[in-house]
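Chemist: Each residue of the sequence shown is one higher than the one before, counting from 1071 in our numbering. Every residue gets a Cβ at the ideal spot worked out from N, C-alpha and C, and that includes glycine. A quick note: this is a predicted structure, and the numbers were derived from the prediction, not measured.
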Amino acid sequence: MLRSRILSTGMYVPPLRVTNHDLSKLMDTSDEWIRQRTGIEQRFWVEGNESTSDLALKASELAIERAGIQKSEIEMIILATLSPDHEFPGTACFLQKKLGIPGIPALDVRQQCTGFIYSMAIADQFIRNGVYRNALIVGAEIHSKGLEKSDRGRDVTVLFGDGAGAVVLGAVEVKDPKKDSFLLSTHLHADGTFAEELWTPAPGTGNSKDRVGASELEQGLHWPRMNGKTVFMHAVKRMPEALNEGLKANKLSPADIDLFVFHQANLRINDMIAKQFGIPEEKVFNTIQKFANTTAATIPIGLDEAVRAGKLKKGMLVASAAFGSGFTWGSAIYRF
Ligand code: COA
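The following block contains the structure:
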């Protein structure tokens, strides 16, 4: 049977390390508060003119090189981001230009923290139907240019970091589903009832007369807003649900999974899920301490870091789950 599998991973974070102490000089916060509530110790921010597609390019070039293919063999680009280079066109088009592979489809996915799982699911459909052989999937974010670095924005600002992660998904003829590396399943969900619990209202046609005018700027509608407690409550419910759905669909138990690479929103969320499923600590690969929440990039960054750390090896069964703005959530189960 024709299926897709992860051929390679790549990641990039900008060099500027910003510690919790650094943030406490910009706003009323503390290392203790951030660590205790979230597990975050530091994050990386861009300096100067780097754009989201610049970070995506660096992660993509690594992934393509490690896949052992030429750029020209990529047949589709999917880029998930909530922090695009520009309002339009999509950031996948800017990435495509920088990669120098015109002509192939380039698609932006706007599912925030679940963006990478949505992207995997989309690419998988094209690959398993025989339409494309190799797809480049990227999660990339520059949050630092869109965060309110003041007391008013502190609840959101301390949570996010910049970074990009990429994988090349390639076609594979699966002969032994119990042993071969391939993407077993994805499960996707959304509930727009909660769209305004974590969002950036402006610019947008949902505002008054102008997509962004003096009034929107004055109200700070161009900064992200979050009802943290509601997000937390739903995350600890929806991520386990999606994970269970994936395990059940493949007749697997949590003990069958070799490594869990979850979205990184809050260490407490992931600890609660691990406890609920009886997953030993060493099977959950967390990176939030180092990179904070890089939204669409957390899962591919996690995969690449796990490979480099020797924790993720070929043939291991991996489960990912994510939850985020939208609300959106989902899971993916794959043999790496
Ligand atoms: N530094 C210090 N104090 C802060 C702060 C900061 N950066 N941000 C908020 N506070 C204050 C608040 O003003 C509030 O003060 P008050 O009680 O005087 O009104 C207090 O801290 C809230 O603390 P607490 O109730 O302990 O917060 P919490 O347990 O809900 O934790 C989050 C806050 C944001 C860490 C938590 O809600 C969370 O992780 N939510 C999910 C967020 C998320 O995952 N977002 C991304 C989705 S993908």
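Can the beta-carbon of F1186 be found less than 8 Å from the beta-carbon of G1209?
Modeler: Within the sequence shown, residue 1186 is the residue found at index 116, counting from 1. Within the sequence shown, residue 1209 is the residue found at index 139, counting from 1. Contact flag set, yes.
Chemist: Name, in chain order, the residues that DSSP records as bridge partners for G1400.
Modeler: Residue numbering aside, residue 1400 sits at position 330 when the sequence shown is read from its first letter. Looking at the DSSP assignment, G1400 forms a beta bridge with L1258 and A1392.
Chemist: May I ask you to check if the CB of R1107 is nearer than 7 Å to at least one heavy atom of the ligand COA?
Modeler: The count along the sequence shown starts at 1 and reaches residue 1107 at position 37. Correct: R1107 has its Cβ closer than 7 Å to the ligand COA.
Chemist: If T1108 and L1337 are in contact, beta carbons under 8 Å, what's the gap, nearest whole angstrom?
Modeler: One-based indexing of the sequence shown puts residue 1108 at position 38. One-based indexing of the sequence shown puts residue 1337 at position 267. 6 Å between Cβ atoms; contact.
Chemist: With respect to 7 Å, is the separation between the Cβ of G1296 and the closest non-hydrogen atom of the ligand COA below this value?
Modeler: Mapped onto the sequence shown, residue 1296 falls at position 226. In the sequence under discussion, the amino acid at residue 1296 is Met, which differs from the Gly named in the question. Judged by the Cβ position, M1296 qualifies as a neighbour of the ligand COA at the 7 Å threshold, a heavy atom of the ligand being closer than this.
Chemist: Using a Cβ-Cβ cut-off of 6 Å (strictly less than) and excluding sequence neighbours within five positions of A1150, which residues of its own chain qualify?
Modeler: Reading the sequence shown from its first residue, position 80 is the one you call residue 1150. Hits under 6 Å: V1179, G1185, F1186, S1189, G1209 and A1366.
Chemist: In angstroms with no decimal places, state the Cα-to-Cα distance between D1341 and Q1106.
Modeler: The count along the sequence shown starts at 1 and reaches residue 1341 at position 271. The count along the sequence shown starts at 1 and reaches residue 1106 at position 36. Each residue's Cα considered, the two are about 13 Å apart.
Chemist: Between which residues of its own chain and I1197 is the CB-CB distance below 6 Å, once the five residues before and five after are set aside?
Modeler: Here residue 1197 is taken as the residue at index 127 of the sequence shown, counted from 1. Closer than 6 Å at the Cβ level, and outside the excluded window around I1197, lie S1074 and A1241.
Chemist: Could you tell me how far apart the beta carbons of I1134 and K1141 are, in whole angstroms, since I believe they sit closer than 8 Å?
Modeler: In the sequence shown, the residue the question calls residue 1134 occupies position 64. In the sequence shown, the residue the question calls residue 1141 occupies position 71. So it is a contact: roughly 6 Å between Cβ atoms.
Chemist: Got a sec: does the ligand COA put a non-hydrogen atom nearer than 7 Å to the Cβ of N1090?
Modeler: The count along the sequence shown starts at 1 and reaches residue 1090 at position 20. The beta carbon of N1090 sits no closer than 7 Å to any heavy atom of the ligand COA.
Chemist: Taking just the CA atoms, how far does S1220 sit from L1096?
Modeler: Taking the first residue of the sequence shown as 1, we reach residue 1096 at position 26. Taking the first residue of the sequence shown as 1, we reach residue 1220 at position 150. Approximately 6 Å between the Cα atoms of the pair.
Chemist: Could you check whether the Cβ of G1396 sits closer than 7 Å to any heavy atom belonging to the ligand COA?
Modeler: Counted from its first residue, the sequence shown places residue 1396 at position 326. It does not: the Cβ of G1396 is nowhere closer than 7 Å to a heavy atom of the ligand COA.
Chemist: In angstroms with no decimal places, state the Cα-to-Cα distance between A1236 and D1225.
Modeler: Counting from one through the sequence shown, the residue named residue 1236 turns up at place 166. Counting from one through the sequence shown, the residue named residue 1225 turns up at place 155. Between A1236 and D1225, the C-alpha separation is close to 28 Å.
Chemist: Report the rounded CA-to-CA distance for L1254 versus L1313, giving the unit in angstroms.
Modeler: Taking the first residue of the sequence shown as 1, we reach residue 1254 at position 184. Taking the first residue of the sequence shown as 1, we reach residue 1313 at position 243. For L1254 and L1313, the distance between alpha carbons rounds to 13 Å.
Chemist: Please indicate yes or no: does the CB of N1336 lie closer than 7 Å to some heavy atom of the ligand COA?
Modeler: Reading the sequence shown from its first residue, position 266 is the one you call residue 1336. Indeed, a heavy atom of the ligand COA lies less than 7 Å from the Cβ.
Chemist: Do the region 1279-1287 and the region 1116-1129 meet, that is, are 3 or more Cβ pairs less than 8 Å apart?
Modeler: The region 1116-1129 and the region 1279-1287 do not touch, with fewer than three beta-carbon pairs separated by less than 8 Å.
Chemist: What runs of the alpha helix (DSSP H), each 4 residues or longer, lie entirely inside the region 1081-1121?
Modeler: 1090-1094 and 1101-1108
Chemist: Buried or exposed: D1246, going by 16 or more other Cβ atoms within 10 Å of its Cβ?
Modeler: The count along the sequence shown starts at 1 and reaches residue 1246 at position 176. D1246 comes out exposed.
Chemist: Pull up the DSSP beta-bridge partners for V1208, would you.
Modeler: In the sequence shown, the residue the question calls residue 1208 occupies position 138. According to DSSP, V1208 bridges with L1149 and A1236.
Chemist: DSSP on L1322, reduced to helix/strand/coil?
Modeler: For this step, residue 1322 is matched to residue 252 along the sequence shown. If DSSP states are grouped into helix, strand and coil, L1322 belongs with coil.
Chemist: To test your reading of the DSSP string, which unbroken beta strand (DSSP E) runs of 3 or more residues are found completely within the region 1150-1182?
Modeler: 1176-1179
Chemist: According to DSSP, is R1308 part of a helix, a strand, or is it coil?
Modeler: As a working mapping, residue 1308 is identified with position 238 in the sequence shown. Residue state, collapsed to three classes: helix.
Chemist: Could you pull out every residue in the same chain whose Cβ sits closer than 8 Å to the Cβ of R1203, ignoring the five residues on either side in sequence?
Modeler: Taking the first residue of the sequence shown as position 1, residue 1203 is located at position 133. Cβ within range, chain order: E1143, E1145, I1197, G1240 and A1241.
Chemist: For I1371, which residues from the same chain have a beta carbon less than 7 Å from its beta carbon, with the 5 sequence-adjacent residues on both sides left out?
Modeler: By one-based count along the sequence shown, residue 1371 stands at place 301. The answer, listed in chain order, is M1081, G1233, G1235, T1357, F1361 and T1364.
Chemist: Since S1123 contacts L1165 with CB under 8 Å, what's their CB separation in whole angstroms?
Modeler: In the sequence shown, counting from the first residue as 1, residue 1123 sits at position 53. In the sequence shown, counting from the first residue as 1, residue 1165 sits at position 95. The Cβ separation is near 4 Å, so the contact holds.
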